[in-house]
Each structure stands twice: as structure tokens, then as C-alpha cells.
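Remarks on the structure that follows.
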Amino acid sequence: APAMGWVFVKRRMRAELGPDWQQKFAEFGRSAAAAASLGQVHRARLADGAALACKLQYPDMRSAVEADLVQLKAIFALHRRIERTVDTREIEREIGTRLREELDYQREGRHMALYGAMLADAPDIHVPRWYRDLSTERLLCMEWLAGEPLMAFRDAPQETRNRIAQNLFTAWWRPFVRFGVIHGDPHPGNYTIAPGGGLNLLDYGCVRIFRPDFVAGVVDLYRALRDDDRALAAAAYAGWGFEDLSDELVDALNIWARFIYRPMLDDRVRSVADGIAPGEYGRAEAEQVRQALKRLGPVRPPREFVFMDRA
């Protein structure tokens, strides 16, 4: 969407915080400092000097999201007629639920506070403070975290990149394995690197909370793959919600699971891709699973699996 101009921004801010909204800030940037998926970010400052990032949602985004979901439903319906390996109905429902949640910036603020608590003992990971009193369902005000884009460190020294990678893993794995919470949108734009080298987490719109038994299944599947234990793998998949788990289906699911878990199963220092070209990484495994499911019939991934697999 095109950026909102200042006249329109003032109108939107008035709708969210009232006619005296400008008195709540010592400064408020007229131009957007950054774009977000559903809005734009303005830099602001409070009277006490605190720097804020104010994410203002574009108008009528709910209608836009619902229109996109109608198109997605049609695409999935067509996919089910052409490709009979995956029943996509639960995938469609899960994506719809998560996208509708992203419209609620109050919910995102609560997620931010949750991450601040979960990562309070990780000093190298920075979660912005949420300014609850300046936030609404369509306006999110949070602490401005200074930093450089993640991809600016692509050619940094190996030690620097290792530190970033360790922080990324901690920010993803610790909330999941300890609290059953996962960030479902881990693309590079949602992170920056702080001046001191720590990791800034910037976006909390797509967050999924899991049942404890689902998290236990993730750990059990790792053990099953490590020990070549088909029965334990089947129990893990059943706990996630997969149905009609024949030995053949478990073996097919394990092909993909081994691909996902392989960096953790290998007891050695390695890159994630381990020398495989980016365009080829995972391609062979995906085709093996596809061919197996063509023989076995469509599998219906449970809703909880969708963003776990993505992240």
C-alpha cells in the first residue's frame, strides 16, 4: 500500500487517540520511518525523552485481509482438485485465524510484553517496551530500538555472525520449548542488530501459542529420529493431530522431519544448508514426500503444524 501522507496520518491519529493526540508527544515524525505489513511506522519522542516507534494501521485493512482470504480459499480449493497429496483445509483455517489476529495491535502489544518476560534472562536479546496507554487496536506504540538491518552483517566476521545466529536460535527456541510460544514470521525484516551487537526483536503480530503436549511431541520426534524409533515418531505425529497414521505415512512424514531436524541431529559444526545450493535445499526431500503421498492419499496437516513448520 502507498504510504499515508501527513494530512491522512493526523486524521488517523485523531481517530485512535482523540483530538489532543499531538499533546501526548513532544515530537512526532511527519513521514513514515519504515513500512509494516499492515501499516507504517513513525518515529516519535515523549516529553521524558523516550524514543518511540508508532505503528499506525492503514485504513480498512480488515476488509483487505478478508478479500485476500477469499482469494486464498479459492486457490486452496483449486489446489485440492489438482494436487491430491495434501488436504489444505486446516492450513486455510489456520492462516485465516493468524492473519485476523495480526489486525489487533493490542494483541501484538500483549505478545510483546510476553516476550519481554520470557526473554528477561537473555541480555543479548532486546524486546521493546510496550506503551499500553498510547496503543489501540490499530495503533501500536513501543520503544524505538536502534539497530542495523540483519542482512547488513552477511559479510561480517564469522564470530559476529555466530553470535547473531545463536541469538536468533535462542529467541526462537527458548520461548517455544519453555513456554509453548513461537514466532511464526521469522523473516529478516523483523530483526535488527543493536549497536552493542545484541539482537532486536521488532514484530510480534504472528505469534502462536501451543499446548504443552504439542511441544513435547516436537522433542519426542527429535528423539525418535535420533534413535530410529518409528513408534515414538508415530506417537509424536498423533499428538500433533495427524490422523490415519500407517507405517508408510509415518515414513513419508519422517522424510520431511529428518530434513527439518538434520542440523540438530548432526553432531558436528555445519551450516544449515551444509553446502547445498539455496534453490536446491529441501527440493529432493519435498519431492520424495510428494510422491509418497500420491500413493498414500492426501494427508491433512493439523492447524498447529502450519506455523511450526513455517518457522
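Each step along the sequence shown adds one to the number in this note's numbering, with nothing skipped, and position 44 is 44. The beta-carbon is built from N, C-alpha and C at its ideal position, and this holds for glycine as well.
Exposure label - residue i; buried when at least 16 CB within 10 Å
i      : result
Pro19  : exposed
Phe242 : buried
Pro175 : buried
Phe8   : exposed
Val219 : exposed
Selection from the options that minimises the alpha carbon distance to residue i
i      : options                        : result
Gly196 : Thr136, Ala257, Phe259, Pro123 : Pro123
Asp133 : Gly116, Ala292, Ala152, Tyr105 : Tyr105
Trp130 : Ala51, Glu101, Phe176, Arg81   : Ala51
Lys255 : Arg270, Val272, Asp228, Asp274 : The sequence as given places Ile at residue 255; Lys does not occur at that position. Comparing Cα-Cα distances from Ile255 to each of Arg270, Val272, Asp228, Asp274, the minimum goes to Asp228.
Phe307 : Ala277, Gly205, Gln291, Arg223 : Gly205
Thr192 : Arg223, Pro149, Glu159         : Pro149
Thr136 : Arg30, Gln57, Glu248           : Gln57
Distance, residue j Cα to residue i Cα
i      : j      : result
Arg258 : Asp267 : 14 Å
Glu285 : Gly279 : 13 Å
Gly116 : His183 : 13 Å
Trp144 : Val207 : 21 Å
Gln71  : Val250 : 32 Å
Ala44  : Leu38  : 19 Å
Ala216 : Gly239 : 9 Å
Arg81  : Ala252 : 22 Å
Trp6   : Met61  : 19 Å
Ala273 : Tyr281 : 6 Å
Leu78  : Ser63  : 23 Å
Gly297 : Arg14  : 55 Å
Glu83  : Pro157 : 45 Å
Arg178 : Lys294 : 37 Å
In DSSP terms, what residue i is bridged to
i      : result
Arg45  : Glu27, Ala51
Tyr191 : Leu201
Ile182 : Arg208
Gln57  : Gly39
Ile125 : Leu199
Does the structure place the stretch 88 to 95 close enough to the stretch 292 to 307 that three or more beta carbon pairs sit under 8 Å? yes
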